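Peer 1:
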Amino acid sequence: MAEVKKNNPKYSPGGRTCAGCAIPLIVNNVLSQTEKPIVAGVATGCLEVTSTIYPYNAWNIPCIHNAFENVASTIAGVESAFKYRKKNGFEEKIKFVAFAGDGGAYDIGFQAISGAFERGHDFTLVVYDNEGYQNTGGQRSGATPLGADTTTTPAGKVKKGKEEQRKNLTEILVAHRSPYVAQAAIHDLEDLKKKAKKAIETKGPTALIILAPCTTIWGFPPAKTLEISKLATETNFWPLYEVENGKYIVNIKPAKEKPIKEFINQQKRFAHLKDYPEKIEELQKIVNKEWKRLLKLEEKK
Amino acid sequence: MNIKPLSGAQAGAEALRQIGIEVFPVYPITPQSPIAEGFAKIVANGDSDAELINVESEHSAMSAAVGAAAAGVKTATATSSQGLALMSEIVYVASGLRLPILMPVANRALSAPINIHCDHSDTMMVRDSGWIQIYAESAQEFYENLILAFKVAKNENVLLPAMVMIDGFITTHQIERVKLFEDSVIKNFLGSYKPPYNLLDIKNPTLVGPFSMPDSYFEFKISQEEAMENAREILVKEGEELKKITGNSYNYFEKYQLDDAEYAIVVMSSTAGTAKAQIDKLRKKGEKVGLLKPRIFRPFPYEEIKKALTGKKAIAVLDRSLSFGANPPLYAEIKQALGNKIPMQKYVFGLGGRNIYDKDIKKVFKELKEGKVDNKIKWIK
Ligand SMILES: Cc1ncc(C[n+]2csc(CCOP(=O)(O)OP(=O)(O)O)c2C)c(N)n1
Ligand code: SF4
C-alpha cells in the first residue's frame, strides 16, 4: 500500500467498523489512487455510521451524508455546484466519489443511481458490497446470494434461506452506457487500485463494485477476510472484470476453478446448507452459468 | 420597474432568475411544472447561467438540492403535492443541515383519490419540518415573497430553508399584471451569498450530515428552533427593507378592514381575495366585518395575531386542508393564539380545488352574526 499517504490519508484509520471489516480497506485504497482532490458522498450504512459519529470524523476530505437512498443524487448536486462554479472561474480540479453499500445501491438507492448515470454526472460510484443490510442487523438485500440465511430470510424447518439469486448491478450499470464499470475485490489490491484510478479519472459516471466480506454477518473469523474474498474469486462467485466503453475484460481467470462449496463452507450464513446439498448444487449451477455468460460477453468485441 | 402580464408561475421563475439561483434540480408535477419550465426557458435563453438538473424524481430533486447547497451555491427546487410528499424525508434533512434552499410550492391536494387541483394539504403536511413557510394571495405577492424568503433564509442567524406557496392553478396559471423590480435593485437588496462552509473548499474539509447519538441530537434540534425564533424578527426587519423598494407590507399577516371589525374571517392565499370582495360589499351595507390573512405560517405569529383579533365578537377560520382527527391546521394555530375568550368557528373549504364563492363568505359572516358557532367543522361545499 505504498501509495497510501501515511501522514494524511484521505480516510483515517481507527474507524469503528468490526475488526476484520473490509470497508476501511476499500475506502482507503480507492481514495488514495488519485492526486486530485476528492469530495465524497456516503449513503447511510456501515461506512457512514462508523466514520461520522459526532463529534468524530474519519474523513480528511470534504464529505456529505444525506440519507440512505440518495447518495447519487446528492453527489450529483455537489457536482453540479462545482460545474456552476467552474463556469464562473473556479479553478480547483475536483473529483467526486459516492460510496454506498449494496442496499444503498442495488435496492433503495438504485433509482437515484440510474438517474445520475443517465444524466452523465462526472462521478464514481463505489459500492462496498457486503451482500446484505449489515448495519441494521443482517437483513437480505438484492445482492444477497441464493441460500443465505439472513434475519429476513431465515433458514427454518421449511425455508432454506434466501430463495432468489442475486442481482447483477454491474451489468445494469453497463447498460447505462457508462464509460467504465468494474468489479473488484480486496484480496487483489493491485487490480483494485488500477481500477480505482481508472474509474476516478475517467470522465462521466463510472462505477466500482467491490466485494466486502463481512465478518460479523457472514460469520467467519476476522482474520479470514482476505481469504474469503480470494475464495469468492477462485470459485467464480465474484469474478474480477471491467467493462470499458462496453468492452468486457475478465481480469482473473482461475487456472483451476474451485467448487462453490469451498467459499460457503467457511461462513455461518450458509451453515444450514450442509443438510441441503441440492441447494449448494443450485448455487453452483448459477455460478457456472454466470461465468460462462461473462466469458461470452468478453468474446464479443 | 417593469409591469408585465405574467402567470404566477412565470412570476416565480422571474424571481428565481433575479435571486440568481445557481443550481436548480427539479422534477415536473402539475401545477408546479410551469415554474420549472419557465426557469428552464430562462436558462435556455442565456438569461441565467444556472445548472438545471432534470432529476428523475422529487426525492432526488431535494437530495441534489441538499448536495448543491452544501457545496455553497444558491439553490432552489420547486414542487407540489405528491412531489412534496415524496421528497418529505429530505425536506427534514435540508432543515436539519441548515441549508437555505428556496422552494416555491404550487399548492395541490394529496392523493388518494388523485387530484391535481388546489388545496393546502401538501404544505400543511410538512408544516413542522423546520422550513420557513410563506403563503401568497397573488402572483405579485408570490414574486416578492420569494425574494424576501431567500434574504431571510440565508441570514447567518437563520440558515433555514424556505418554502413559498402559491395556490395551484388558481394563481399559478392565472395571468396578472405583475410589477417586476429592476435586477440591480433586487441584487442590491439580497446582498452577497456567503454560506458558513462549503464542500468545494478543499483546504478546509467539512463533514456534512454526521451520525448523531442521544448525547448530541437534542442540541442540534434546539439550535434549529432558535434559528426559527431568529427568523421571526429577521422576517419583519427584512420586510421593512423590501417595503422601501416595493411599497408593500410584509407583516406576518394582512389586515383588511380588521381593526374596527366585529366579525372576522381568517383565511390564507387566493381565497383572501374572494373574502375582500365580499367584505367590501358588506361594509357598504354598514356591516363591521373584516379579514385577517396570514402570510407567514412558520414561524407562527401567535402574539401578533392575538393582538389583532382580541375584542372581536366572533371569528371564523377557513382551512383548505384537514388534520384528520384533530383541528384543521390554521384553526388550531389561531385557537392556540386566542384561547377560549372569543367564539370561533372552524370551516373547511376548497378541498381538491372545489370553488369557493363570495356567497359562501357572506354566509360565513351571517352565521357568525347569528351566533351559529359550535365545535364541529362546518364544510363549505
Ligand atoms: C428510507 C430508509 N429506510 C430504511 C432505513 C434503515 N436502514 C439504514 S441503513 C440500512 C441498510 C444498509 O444496508 P447497505 O446499504 O447494504 O449497507 P450496510 O449496512 O451493509 O453497510 C437500512 C435498512 C433508512 N435509514 N432509511
Ligand atoms: S457488520 Fe460487516 S460490513 Fe458492517 S462493519 Fe461489521 S464487518 Fe463491516
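Protein sequences appear in the order of chains S and Y.
In this text, residue positions in the first sequence follow this note's numbering: the first is 83, and each later residue adds one.
In this text, residue positions in the second sequence follow this note's numbering: the first is 63, and each later residue adds one.
For every residue, glycine included, the Cβ atom is placed at its ideal position computed from N, Cα and C.
All values derive from a computational prediction rather than experimental measurement.
Considering only C-alpha positions, which residue in the set Y:370, Y:251, Y:127, Y:430 is nearest to residue 315 of chain Y?
Peer 2: Nearest Cα to residue 315 of chain Y within the set Y:370, Y:251, Y:127, Y:430: Y:370.
Peer 1: In whole angstroms, give me the CA-to-CA distance for residue 382 of chain S and residue 329 of chain S.
Peer 2: 8 angstroms
Peer 1: Run the proximity test for residue 236 of chain Y: is its beta-carbon closer than 7 angstroms to any non-hydrogen atom belonging to ligand 2?
Peer 2: no
Peer 1: Is it buried or exposed for residue 178 of chain S, if we count other Cβ within 10 angstroms and need 16 for buried?
Peer 2: buried
Peer 1: If you reduce the DSSP assignment to three classes, tell me which class residue 238 of chain S lands in.
Peer 2: coil
Peer 1: Could you give the uninterrupted runs of the beta strand (DSSP E) lying entirely in the segment 259–283 of chain S, keeping only those of 3 residues or more?
Peer 2: 262–267
Peer 1: Which of the residues in the segment 134–163 of chain Y, read from start to end, lie with their CB under 7 angstroms from any CB of chain S?
Peer 2: Those would be 134, 135, 151, 152, 155, in chain order.
Peer 1: My output table needs one value for residue 389 of chain Y: the three-state DSSP class, helix, strand or coil.
Peer 2: coil
Peer 1: Counting only Cβ pairs nearer than 8 angstroms, list the residues of chain S close to residue 271 of chain Y.
Peer 2: 134, 146, 147, 148
Peer 1: Within 10 Å of its beta-carbon, does residue 83 of chain S have 16 or more other beta-carbons around it, so buried, or fewer, so exposed?
Peer 2: Below a pLDDT of 50, predicted positions are generally treated as unreliable, and residue 83 of chain S, at 28, falls in that range; no measurement from the model is reported.
Peer 1: Identify every residue that forms a DSSP beta bridge with residue 166 of chain Y.
Peer 2: Looking at the DSSP assignment, residue 166 of chain Y forms a beta bridge with Y:226.
Peer 1: Helix, strand or coil: which one does DSSP assign to residue 320 of chain S?
Peer 2: The three-state secondary structure of residue 320 of chain S, taken from DSSP, is coil.
Peer 1: According to DSSP, residue 64 of chain Y sits in a beta bridge with which residue or residues?
Peer 2: Partner(s): Y:242.
Peer 1: For residue 88 of chain S, collect the residues of the same chain with a Cβ closer than 7 angstroms to its Cβ; drop the 5 residues on either side in sequence, then sort them by chain order.
Peer 2: In this prediction, residue 88 of chain S scores a pLDDT of 48, lower than 50, which makes its location untrustworthy; no coordinate-derived value is stated.
Peer 1: For residue 145 of chain S, write down the residues that DSSP places opposite it in a beta bridge.
Peer 2: S:122, Y:269
Peer 1: From the DSSP output, in three-state form, read off residue 116 of chain Y for me.
Peer 2: strand
Peer 1: Kindly indicate if chain Y contains any beta-carbon less than 8 angstroms away from that of residue 300 of chain S.
Peer 2: no
Peer 1: Hey, residue 224 of chain Y and residue 240 of chain Y are a contact pair by Cβ (cut 8 angstroms); roughly how many whole angstroms apart?
Peer 2: Actually they are not in contact, since the Cβ atoms of residue 224 of chain Y and residue 240 of chain Y sit about 20 angstroms apart, beyond 8 angstroms.
Peer 1: By the criterion of Cβ-Cβ separation under 8 angstroms, what are the contact partners of residue 267 of chain Y in chain S?
Peer 2: 141, 142, 143, 144, 145
Peer 1: Tell me whether the segment 270–290 of chain S and the segment 341–352 of chain S touch, counting them as touching only if at least three CB pairs, one residue from each stretch, are closer than 8 angstroms.
Peer 2: no
Peer 1: Anyone know if the C-beta pair for residue 331 of chain Y and residue 227 of chain Y falls short of 8 angstroms?
Peer 2: Yes, they are a contact pair.
Peer 1: Which residue's Cα is closest to the Cα of residue 78 of chain Y: Y:428, Y:64, Y:166?
Peer 2: Y:166
Peer 1: For residue 148 of chain Y and residue 262 of chain Y, I'd like the C-alpha separation in whole angstroms.
Peer 2: One C-alpha to the other measures close to 28 angstroms.
Peer 1: Starting from residue 199 of chain Y, follow its DSSP beta bridges and name the residues at the other end.
Peer 2: DSSP output for residue 199 of chain Y lists no bridge partner at all.
Peer 1: If we ignore side chains and look at the alpha-carbon of each, how far apart do residue 404 of chain Y and residue 375 of chain Y end up?
Peer 2: Each residue's Cα considered, the two are about 7 angstroms apart.
Peer 1: Would residue 179 of chain S count as contacting chain Y if we go by Cβ distances under 8 angstroms?
Peer 2: no
Peer 1: Assuming residue 325 of chain Y is part of the alpha helix (DSSP H), what are its boundary residues?
Peer 2: No alpha helix (DSSP H) holds residue 325 of chain Y; the beta strand (DSSP E) holding it covers 325–328.
Peer 1: For a contact defined as C-beta to C-beta under 8 angstroms, what are the partners of residue 174 of chain S on chain Y?
Peer 2: 262, 264
Peer 1: Compute every distance between the C-beta of residue 147 of chain Y and the non-hydrogen atoms of ligand 1, then say whether any falls below 7 angstroms.
Peer 2: No, the beta carbon of residue 147 of chain Y sits no closer than 7 angstroms to any heavy atom of ligand 1.
Peer 1: Contact defined as beta carbons within less than 8 angstroms: I believe residue 225 of chain S pairs with residue 188 of chain S. What is the distance between those atoms, to the nearest angstrom?
Peer 2: 5 angstroms
Peer 1: Which whole-angstrom value is the C-beta distance of residue 84 of chain Y and residue 135 of chain Y, which I expect to be below 8 angstroms?
Peer 2: 4 angstroms
Peer 1: Go through the residues and name those whose CB comes closer than 5 angstroms to any heavy atom of ligand 1, in chain order.
Peer 2: Each of S:126, S:127, S:128, S:150, S:183, S:184, S:185, S:186, S:212, S:215, S:216, S:217, S:218 has a C-beta closer than 5 angstroms to some heavy atom of ligand 1; these make up the full list, in chain order.
Peer 1: Leaving out the 5 sequence neighbours to the left and right, which residues in its chain are closer than 6 angstroms to residue 327 of chain S when beta-carbon positions are compared?
Peer 2: 261
Peer 1: Can you tell me which residues form a DSSP beta bridge with residue 293 of chain S?
Peer 2: S:211, S:267
Peer 1: Answer yes or no: does any C-beta atom of chain Y fall closer than 8 angstroms to that of residue 86 of chain S?
Peer 2: Only weak support is given to the placement of residue 86 of chain S: the predicted model assigns it a pLDDT of 36, under 50, and the value that follows is read from those uncertain coordinates. With 8 angstroms as the cut-off, residue 86 of chain S does not count as an interface residue toward chain Y.
Peer 1: Could you please give the first and the last residue of the uninterrupted alpha helix (DSSP H) stretch that includes residue 109 of chain S?
Peer 2: 105–113
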